[in-house]
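K.L.:
Okay, so the sequence shown: first residue is 1 according to full-length UniProt numbering, each after it adds one. Where is the CB? At the ideal position from N, CA and C, for every residue including glycine. Quick caveat: nothing in here was measured; it's all calculated off a predicted structure. Supplied in structure tokens, the structure appears directly below.
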Amino acid sequence: MAEIVTFANGKIICGRWKVLARLGTGGCGSVYKVEDTQRKGYIAALKAEAILENDSGVLKLEAAVLKKLADRKNVIRLLQSGKRLKYSFIVITICGSDLMSLKKKAQEGLSENTILRIGIYALYGIKQLHEIGFVHRDVKPGNMMNGMVRNFVVRDPKGISMRKPRKNVLLRGTLRYCSLGVHRRLEQGRVDDLWAMLYMLTELYVGLPWNHLTVEKEIVKIKENESDENVFKECPGEFISIANYLRTLNYQDRPDYYKLYNWVSH
Numbered sequence: 001m002a003e004i005v006t007f008a009n010g011k012i013i014c015g016r017w018k019v020l021a022r023l024g025t026g027g028c029g030s031v032y033k034v035e036d037t038q039r040k041g042y043i044a045a046l047k048a049e050a051i052l053e054n055d056s057g058v059l060k061l062e063a064a065v066l067k068k069l070a071d072r073k074n075v076i077r078l079l080q081s082g083k084r085l086k087y088s089f090i091v092i093t094i095c096g097s098d099l100m101s102l103k104k105k106a107q108e109g110l111s112e113n114t115i116l117r118i119g120i121y122a123l124y125g126i127k128q129l130h131e132i133g134f135v136h137r138d139v140k141p142g143n144m145m146n147g148m149v150r151n152f153v154v155r156d157p158k159g160i161s162m163r164k165p166r167k168n169v170l171l172r173g174t175l176r177y178c179s180l181g182v183h184r185r186l187e188q189g190r191v192d193d194l195w196a197m198l199y200m201l202t203e204l205y206v207g208l209p210w211n212h213l214t215v216e217k218e219i220v221k222i223k224e225n226e227s228d229e230n231v232f233k234e235c236p237g238e239f240i241s242i243a244n245y246l247r248t249l250n251y252q253d254r255p256d257y258y259k260l261y262n263w264v265s266h
């Protein structure tokens with residue numbers, strides 16, 4: 001397990017960012033709430049990870065993605081990135097609650113209109129990522145805030161449609177939202193992000209039939225055997241149309257985002 005980067009409250013990073021509190025830790029290191037000493041009252045998020053011997057950290061990748069997304073909407077903004085002797089860091093715009101937190105706060109649940117509105121922004125954010133040659137590989141409520149996409153997982157430097165798919169890959173993502181292709185260890189492409197988005201929207205609205213399961217084989221069995229009519233029976237009718245369309249796509253296909261937009265904005 002990678003070493004956790006720890007900063008004391010009040011520490012100044014890179015002569016500019018004052019640490020206010022630690023927000024959390026995870027596979028991508030530590031996240032801190034920081035204040036910009038050059039703009040009093042401006043709050044941001046700083047992510048830090050220990051430097052590995054092989055320099056394989058994810059923050060370098062995330063910074064590269066955010067730089068490419070700088071002129072696009074519905075994405076987190078990169079404010080600064082840097083490297084010190086023992087750690088690397090990025091500073092990004094701080095966002096509100098993720099979508100799962102939003103659902104938990106909604107005592108009466110999220111309305112159909114709210115779900116579709118989330119779908120519009122989520123689709124747009126994912127499309128922005130795809131258009132610069134990246135796939136996410138872990139689309140889920142915890143990685144979405146009001147349509148803003150965070151925690152990028154992988155980059156295809158040659159462009160998604162140009163990379164020859166590998167025959168067997170490691171599973172990346174969250175079992176609950178994975179497509180069957182991901183469960184079968186196939187190369188992940190744009191279509192797999194969209195399957196995850198569809199499952200995410202369904203969970204936020206009415207829940208998924210496999211929500212209570214944690215064993216992959218059991219989850220796969222339901223995904224393989226449950227009909228779309230059962231999985232999406234309480235969802236907007238367009239969800240079945242989306243599922244039918246996604247089944248026509250393979251790894252290298254460019255999704256018709258306009259068609260998908262029309263379904264979620266009915």
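#1: Quick one: using the 10 Å Cβ neighbour count with 16 as the cut-off for buried, is Cys95 buried or exposed?
#2: Between Ser265 and the rest of its own chain, which residues show a CB-CB distance below 6 Å, the 5 nearest in sequence each way excluded?
#3: According to DSSP, simplified to helix, strand and coil, what is Glu218?
#4: Could you check the C-alpha separation between Leu99 and Pro165 for me, to the nearest Å?
#5: Taking the alpha carbon of Pro255 as the point to measure from, which residue in Gly237, Lys83, Glu238, Trp195 has its own alpha carbon closest?
#6: Ignoring anything shorter than 4 residues or poking outside the segment 75-110, list the alpha helix (DSSP H) runs there in chain order.
#7: Can you say whether His212 is buried or exposed, counting buried as having 16 or more other CB atoms within 10 angstroms of its CB?
#8: In whole angstroms, what separates the C-alpha of Glu186 from that of Gly15?
#9: Sort out for me which residues DSSP pairs Ile12 with in a bridge.
#10: Alpha carbon to alpha carbon, how far is Leu69 from Lys127? Give it in angstroms, no decimals.
#11: Mind checking Asn225: buried by the 16 CB within 10 Å criterion, or exposed?
#12: In its own chain, which residues sit with a C-beta less than 8 Å from the C-beta of Lys11, not counting the 5 before and 5 after it?
#13: Pull up the distance between the alpha-carbon of Leu85 and that of Val5, whole angstroms please.
#14: Using the DSSP secondary-structure output, state which residues sit across from Gly26 in a beta bridge.
#15: In chain order, what are the residue ranges of uninterrupted beta strand (DSSP E) at least 3 long that sit wholly in the segment 32-71?
#16: Would you report the Cα separation of Thr93 and Ala44, rounded to the nearest angstrom?
#17: Mind checking Asp193: buried by the 16 CB within 10 Å criterion, or exposed?
#18: Is there a Cβ from chain C that is less than 8 Å from the Cβ of Arg22?
#19: Could you tell me which of Asn9, Arg22, Leu79 sits nearest to Gln38, measuring between CA atoms?
#20: Would you kindly report the start and end of the unbroken alpha helix (DSSP H) that includes Lys259?
#21: Under 8 Å, do Val139 and Met200 count as touching if we go by C-beta distance?
#22: Within this structure, are the beta carbons of Tyr87 and Glu49 separated by less than 8 Å?
P.N.:
In terms of the structure at hand:
#1: exposed
#2: Ile120
#3: helix
#4: 31 Å
#5: Trp195
#6: 99-105
#7: exposed
#8: Looking at the sequence shown, residue 186 is not Glu but Leu. If I take the Cα positions, the gap works out to 45 Å.
#9: Lys18
#10: 11 Å
#11: exposed
#12: Lys18, Val19
#13: 12 Å
#14: Gly29
#15: 43-50
#16: 5 Å
#17: buried
#18: Note that chain C does not occur in the displayed structure, where there is just one protein chain.
#19: Leu79
#20: 257-264
#21: yes
#22: yes
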